[in-house]
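J.: For reference, the structure I am asking about is given below.
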Ligand SMILES: [Zn+2]
């Protein structure tokens, strides 16, 4: 059982600015529960953030490229996720095969606020977006 099964009125943790996707059941839950595949790298990234929030390691591992994925994911019970802001998407659209998403995730550990800024790289394999890694990406060199 995951935390997501608790409340159908839950607001989606990914903080989508799209009002039609305010509820978890209308947003990332569809991807996390494999009802639909994310069409863009951004949606995969958002659903992975939400999976961290609800501590669904199966989804995180399944959406992680096998070359770079860990054997398992452990969640730190002290980490409380506060919100996600997507800053920039490069490619990663429906018809692309790769994409980059820059984002800031905020969280608290023991009451102290932290900020994680990451530039993540995704590829699409057999119609499915996969997370590869976070890396430094020089926008000018592409
Ligand atoms: Zn969402």
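In my numbering, the protein residues as written are 332 to 473. Each residue gets a CB set at the ideal place from its N, CA and C atoms; glycine is no exception.
1) Could you check whether the Cβ of residue 348 sits closer than 6 Å to any heavy atom belonging to ligand 1?
2) Closest by CA to residue 404, which one among 448, 415, 392 and 463?
3) Please enumerate, following chain order, all residues with a beta carbon closer than 7 Å to at least one heavy atom belonging to ligand 1.
4) Does DSSP classify residue 363 as helix, strand or coil?
5) Anyone know if the C-beta pair for residue 344 and residue 381 falls short of 7 Å?
6) Could you give the first and the last residue of the continuous alpha helix (DSSP H) run that contains residue 353?
7) Compute the Euclidean distance between the alpha carbons of residue 456 and residue 400, then round it to the nearest angstrom.
8) Beta-carbon within less than 7 Å of residue 395's beta-carbon, same chain only, minus the 5 sequence neighbours each way: which residues are those?
9) List the endpoints of the continuous beta strand (DSSP E) containing residue 451.
10) Go ahead and pull the three-state DSSP assignment for residue 415.
11) Between the beta-carbon of residue 372 and the beta-carbon of residue 423, is there less than 7 Å?
12) Can residue 415 and residue 346 be called in contact, C-beta distance under 7 Å?
13) Quick check for students: name the residue ranges of the alpha helix (DSSP H) that lie wholly in the region 372-396, counting only runs of 4 or more.
14) Who are the near neighbours of residue 470 in its chain, counting only those whose CB is closer than 8 Å to its CB and skipping five residues on each side?
15) Since residue 425 contacts residue 364 with CB under 8 Å, what's their CB separation in whole angstroms?
T.: Once the coordinates are examined:
1) What you label residue 348 is simply residue 17 of the chain shown in a count that begins at 1. No.
2) Indexing the chain shown from 1 puts residue 404 at position 73. Of the listed residues, the one whose Cα sits closest to residue 404 is 392.
3) 343, 344, 345, 347, 352, 355, 358, 359, 377, 378 and 381
4) Reading the chain shown from its first residue, position 32 is the one you call residue 363. Residue 363: helix per DSSP, three-state reduction.
5) In the chain shown, counting from the first residue as 1, residue 344 sits at position 13. In the chain shown, counting from the first residue as 1, residue 381 sits at position 50. Yes. Within cutoff.
6) Counting from 1 along the chain shown, the entry for residue 353 is found at position 22. Where residue 353 is concerned, there is no enclosing alpha helix (DSSP H), given that its DSSP letter is neither H nor E.
7) As a first step, residue 456 must be located in the chain shown, where it is residue number 125. As a first step, residue 400 must be located in the chain shown, where it is residue number 69. Taking the straight line from one Cα to the other gives about 15 Å.
8) As a position in the chain shown, residue 395 is number 64, starting the count at 1. Cβ neighbours of residue 395 beyond the five flanking positions: 461 and 462.
9) Translated into the one-based positions of the chain shown, residue 451 becomes position 120. Note, residue 451: beta strand (DSSP E), 443-456.
10) Sequence index remark: in the chain shown, residue 415 carries index 84 (1-based). Residue state, collapsed to three classes: strand.
11) Locating residue 372 in the chain shown gives position 41, counting from the first residue. Locating residue 423 in the chain shown gives position 92, counting from the first residue. Going by C-beta atoms, residue 372 is nearer than 7 Å to residue 423.
12) Taking the chain shown and counting its residues from 1, one reaches residue 415 at position 84. Taking the chain shown and counting its residues from 1, one reaches residue 346 at position 15. In contact: residue 415 and residue 346 (Cβ atoms closer than 7 Å).
13) 372-385 and 388-393
14) Looking up residue 470 in the chain shown gives position 139. Unreliable positioning characterises residue 470 in this predicted model, as indicated by a pLDDT of 47, which lies under 50. A coordinate reading is not provided.
15) To locate residue 425, count along the chain shown from 1; it is residue 94. To locate residue 364, count along the chain shown from 1; it is residue 33. That belief does not hold up - the Cβ atoms of residue 425 and residue 364 are roughly 21 Å apart, past 8 Å.
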